[in-house]
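Chains as they are written, first to last, in the UniProt record's numbering: chain A, 1 to 189; chain B, 1 to 189; chain C, 1 to 189; chain D, 1 to 189.
Number of protein chains: 4
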Amino acid sequence: MARPLSEEKRDAILTAAADLVATLGIGASTAKIAKAAGVAEGTLFTYFPTKDDLLNQLFLEIESGLAEVMTASHPTTSDPRECVRHIWERLIDWGVANPTWRKTLRQLKVSGRIRPDSLRRFDIQFRETRARVERSLAGRSDPARMPFYIDTMLLGLAEIAMDAIAVNPGERERITQAGFDLFWKGTAA
Amino acid sequence: MARPLSEEKRDAILTAAADLVATLGIGASTAKIAKAAGVAEGTLFTYFPTKDDLLNQLFLEIESGLAEVMTASHPTTSDPRECVRHIWERLIDWGVANPTWRKTLRQLKVSGRIRPDSLRRFDIQFRETRARVERSLAGRSDPARMPFYIDTMLLGLAEIAMDAIAVNPGERERITQAGFDLFWKGTAA
Amino acid sequence: MARPLSEEKRDAILTAAADLVATLGIGASTAKIAKAAGVAEGTLFTYFPTKDDLLNQLFLEIESGLAEVMTASHPTTSDPRECVRHIWERLIDWGVANPTWRKTLRQLKVSGRIRPDSLRRFDIQFRETRARVERSLAGRSDPARMPFYIDTMLLGLAEIAMDAIAVNPGERERITQAGFDLFWKGTAA
Amino acid sequence: MARPLSEEKRDAILTAAADLVATLGIGASTAKIAKAAGVAEGTLFTYFPTKDDLLNQLFLEIESGLAEVMTASHPTTSDPRECVRHIWERLIDWGVANPTWRKTLRQLKVSGRIRPDSLRRFDIQFRETRARVERSLAGRSDPARMPFYIDTMLLGLAEIAMDAIAVNPGERERITQAGFDLFWKGTAA
DNA sequence: TATGAATGAGCCTTCATTCAT
DNA sequence: AATGAATGAAGGCTCATTCAT
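Here's what the structure looks like:
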């Protein structure tokens, strides 16, 4: 009757990893992560058999959080523009509220150590939001370009906007607005 | 009067570094880089005193190449749209022609090891192109948003487009077009 | 609760270090020391975070041993001359018994890598012996010269004598005697 | 008809080596020494085929200087005590005037890289001075102990005194006096 | 399960020496 | 003779992972 793995410790490790990866890149050592999490070096490996596993779980955890934010709140209006705008703002809110996670995410994406299936998982979680955006753009955007606009550009633009806000927090409102306008006008047929 | 530093070797090191950083990230070891460049481990350090120096030079070299491409060719028409389109296409061309350099650049940017002055150097080299874009957008874009459009969005969008093309080379034409349209329409007042 | 640090290994490392430093100087590599101690290269650093730390601990360990020898045995007589002589002989005994430690000590002293607080620690350990010598010289030596005689000359002379014995082991008795006479007569008022 | 070796460069290298060895120990790199001497890295090796050769030459050069100082000046009196005292003071003078050389010498002696024949050479140069001391001690010191007093103790004591002065320059007079007294009284029969 | 000591490959850098110029 | 680029073997230290406790 072995002691069960502690959710608490798992989270502590993940949080510590996020912090250190954001700061130091994926080169952050497992030893440092363990210490920051308040667990022993070896304990980390009972929760994540491999550093790669830890990194992948971290990716999943963060992307889940982001997807959740998207799914959690629905716009009250049925106006297409307002609907996309609502999503856009949730995206920006998330980025502003979680600067560390964003940095971590960037490091992870660039690291080449996130497995294809980890990447795919995100698409699934994002599916519902995606559908809402698609409905909102329907009729006013070239249907052939829809995947490009939604899968490639929407998140890409949001990231750029978040970066800009990170550098210039005082401009948050204006950047959010300008970014959204660019997307909305740019995707019109 | 002794053997002069060899431009050839310097370039070989830089090229090898670009290849390996693109593949392995900035964790690519100096030993591997030296071997790939066909020089002794120690030789790398007579050309670049430090790994950080190597990384910064690499950044500078790549950004210079990009800036040069922008500056080298001028549009024939004076039509503003065509002028920006010309620049946009040079950007995409460069990205498609140098996929390794793009990957390297991303790794370097995210690494936190590029010195501020290296980053600033790029702004200077890009200044002329920037001015041309500014002139082209003048009158049709909100002046207050100009810096955001040019400094933040133009290159950002181009990068997203390049990524999309890298994943889907057959769609090059359509992505290039769609990306440009998004920018051009999106930046209208 | 994990495997405890092993006193045994620590000592093996220290002993190996002493041997190699005596022979090769402080340039002796940590790799060689680890191998000689029968532990992995990395293990050395779990016992001594830094080569400098190893060197300082080594210094402390050796000086402690020496100080202990001084403190451990007390002369039976209260005759001042015999008292100093007793100390002098303990000193020489120690040197003869531990030729490697003496060589190591010399290397360490000359290396410039022993921290001031490591040096000071010895003074403290030596304090009791020092007091005994001071009492023995009292009355027959110039009080103003006392610190010079005890702190500077006593140990210095002993070292010279030990060196001479090391070169000429057969002369041990005579050198010991001659050295002591030199000190005793030389410090008379 | 090749260019002859330049005495000047040789000296510059030797001087630079002395400085750096004093500061850094024999670990001082040939590259640093060459740079400090104002010559190219390779040039050092046309003057000294090997680092060991350089170190041995350095030793010889410094010991020669010291021996020369001893031989150069003769005491005016024929009083034995004054004669030894004169020598003792030359020794101390030299040490105080050349702190760097003393440090260098200590490093070299301890390094184990000075060849036996280099060591022997000094004995020869010192022979004349030695004879003078021997004559001065004759009659008042135990003849059997003469070699110990002169070869071992005289220079050893002088070194200790020099060290003490180095630490406490203001006490120069007193230390010189106390050291000499110790030697003189201590060597009486 | 939790701990942290143990491991040895690998990392960046330095170095004495050689050799093309 | 003088120069300094080229070399590859160390050097000190870090790391992901294993395993005794």
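No residue lacks a Cβ here, since even glycine has one placed at the ideal position from N, Cα and C.
Host alpha helix (DSSP H) of Leu105 of chain A (start-end): First-last of the alpha helix (DSSP H) with Leu105 of chain A: 99 to 111.
Bounding residues of the alpha helix (DSSP H) (the contiguous stretch that carries Leu5 of chain B): Taken as a continuous stretch (DSSP letters only), Leu5 of chain B belongs to no alpha helix (DSSP H), as it is neither H nor E.
Outcome for Met1 of chain A when other beta-carbon atoms lying within 10 angstroms are tallied against a minimum of 16: For Met1 of chain A, the predicted model reports a pLDDT of 37, less than 50, meaning its position is unreliable; a value from the coordinates is still stated below. Counting other Cβ atoms within 10 Å of its Cβ, Met1 of chain A stays below 16 and is therefore classed as exposed.
Three-way DSSP call (helix, strand, coil) for Ala164 of chain C in this model: For Ala164 of chain C, the three-state secondary structure derived from DSSP is helix.
Reduced DSSP category for Ile26 of chain A - H, G, I as helix; E, B as strand; rest coil: DSSP, read as helix, strand or coil, puts Ile26 of chain A in coil.
Continuous alpha helix (DSSP H) stretch holding Tyr47 of chain D: start and end: From DSSP, the alpha helix (DSSP H) with Tyr47 of chain D extends over 41 to 47.
Distance, Ser6 of chain A Cα to Ser118 of chain C Cα: If I take the Cα positions, the gap works out to 45 Å.
Ile175 of chain C versus Cys83 of chain D - alpha carbon distance: Counting only the Cα atoms, Cys83 of chain D lies some 26 Å from Ile175 of chain C.
Buried or exposed by the 16-neighbour rule on C-beta atoms within 10 Å, applied to Glu63 of chain D: Its Cβ being crowded by 16 or more others within 10 Å, Glu63 of chain D is buried.
Candidates D:Ala131, D:Lys32, D:Asp19, D:Ala164: closest to Phe59 of chain D by CA position: Measuring C-alpha to C-alpha distances from Phe59 of chain D to each of D:Ala131, D:Lys32, D:Asp19, D:Ala164 identifies D:Asp19 as the nearest.
Touch test, the stretch 89 to 96 of chain C against the stretch 160 to 173 of chain C, Cβ-Cβ under 8 Å, three pairs minimum: In the pairwise beta carbon analysis, the stretch 89 to 96 of chain C is classified as touching the stretch 160 to 173 of chain C: at least three pairs are separated by under 8 Å.
Distance between Ile33 of chain A and Ala178 of chain B (C-alpha atoms, nearest Å): When rounded, the distance between both Cα atoms is 43 Å.
Phe114 of chain D vs Ala158 of chain D beta-carbon contact at 8 Å: Note on residue identity: the sequence assigns Ile, not Phe, to residue 114 of chain D. No, Cβ-Cβ distance for Ile114 of chain D and Ala158 of chain D is not below 8 Å.
Beta-carbon contacts of Ser86 of chain A that lie in its chain and below 6 Å, excluding the five residues immediately before and after: Going by the sequence as given, residue 86 of chain A is His instead of Ser. Answer for His86 of chain A: Pro75, listed in chain order.
Contact with chain B by Ser118 of chain A, beta-carbon distance below 8 Å: So, not an interface residue.
Contact list for Arg172 of chain B against chain A, beta-carbon separation under 7 Å: Against Arg172 of chain B, chain A offers no close residue; the least beta-carbon distance is about 12 Å (beta-carbon pairs closer than 7 Å).
Gly25 of chain C classed as buried or exposed, judged by whether at least 16 other C-beta atoms fall within 10 angstroms: Classification for Gly25 of chain C: buried.
Any 3 or more C-beta pairs closer than 8 Å across the stretch 66 to 75 of chain D and the stretch 116 to 134 of chain D: Taking one beta carbon from each stretch, the stretch 66 to 75 of chain D and the stretch 116 to 134 of chain D have 3 or more pairs nearer than 8 Å; the two touch.
Contact residues within the stretch 126 to 153 of chain A, judged by C-beta distance below 7 Å to chain B: If the cut-off is 7 Å between Cβ atoms, the stretch 126 to 153 of chain A has Arg145, Phe148, Thr152, Met153 near chain B.
Span separating the alpha-carbon of Ser141 of chain B from that of Leu154 of chain B: The alpha-carbon atoms of Ser141 of chain B and Leu154 of chain B are separated by roughly 14 Å.
Cβ neighbour criterion (16 or more within 10 Å) applied to Thr50 of chain D: With fewer than 16 Cβ atoms within 10 Å of its Cβ, Thr50 of chain D is classed as exposed.
Buried or exposed by the 16-neighbour rule on C-beta atoms within 10 Å, applied to Thr77 of chain B: Exposed, because fewer than 16 other Cβ atoms sit within 10 Å of the Cβ of Thr77 of chain B.
Residues near Thr23 of chain B by beta carbon distance below 6 Å, same chain, minus five either side: Taken in chain order, the list of residues that qualify is empty.
Contacts of residue 195 of chain B in chain A (Cβ-Cβ under 7 Å): This structure cannot speak to residue 195 of chain B, because chain B is shown only from 1 to 189.
Under the three-state DSSP convention, the category Ala12 of chain D falls into: Reduced to three states, the DSSP call for Ala12 of chain D is helix.
Any chain C beta carbon closer than 8 Å to Leu91 of chain D: No, Leu91 of chain D does not count as interfacial toward chain C.
Test: Ile160 of chain D CB closer than 8 Å to a CB of chain C: Output row for Ile160 of chain D: interface = yes.
Close beta carbons around Gly38 of chain D, own chain, < 7 Å, minus the five adjacent residues each side: Cβ within range, chain order: Ala12.
Same chain only: Cβ atoms within 7 Å of Asn36 of chain D, ignoring 5 sequence neighbours per side: In the sequence as presented, Asn is not what sits at residue 36 of chain D; that position holds Ala. These residues qualify, in order along the chain: Ala16, Asp19, Leu20.
is_contact[Arg102 of chain D, chain C] using C-beta, thresh 8 Å: Taking Cβ atoms only, chain C never reaches closer than 8 Å to Arg102 of chain D, which makes this a no.
Short Cβ contact (8 Å threshold) for Gly42 of chain C with Gly27 of chain D: Taking 8 Å as the Cβ cut-off, Gly42 of chain C and Gly27 of chain D do not qualify as a contacting pair.
Interface flag, Pro106 of chain D vs chain C, CB-CB below 8 Å: Checking the displayed sequence, the identity of residue 106 of chain D turns out to be Arg instead of Pro. Yes, contact with chain C.
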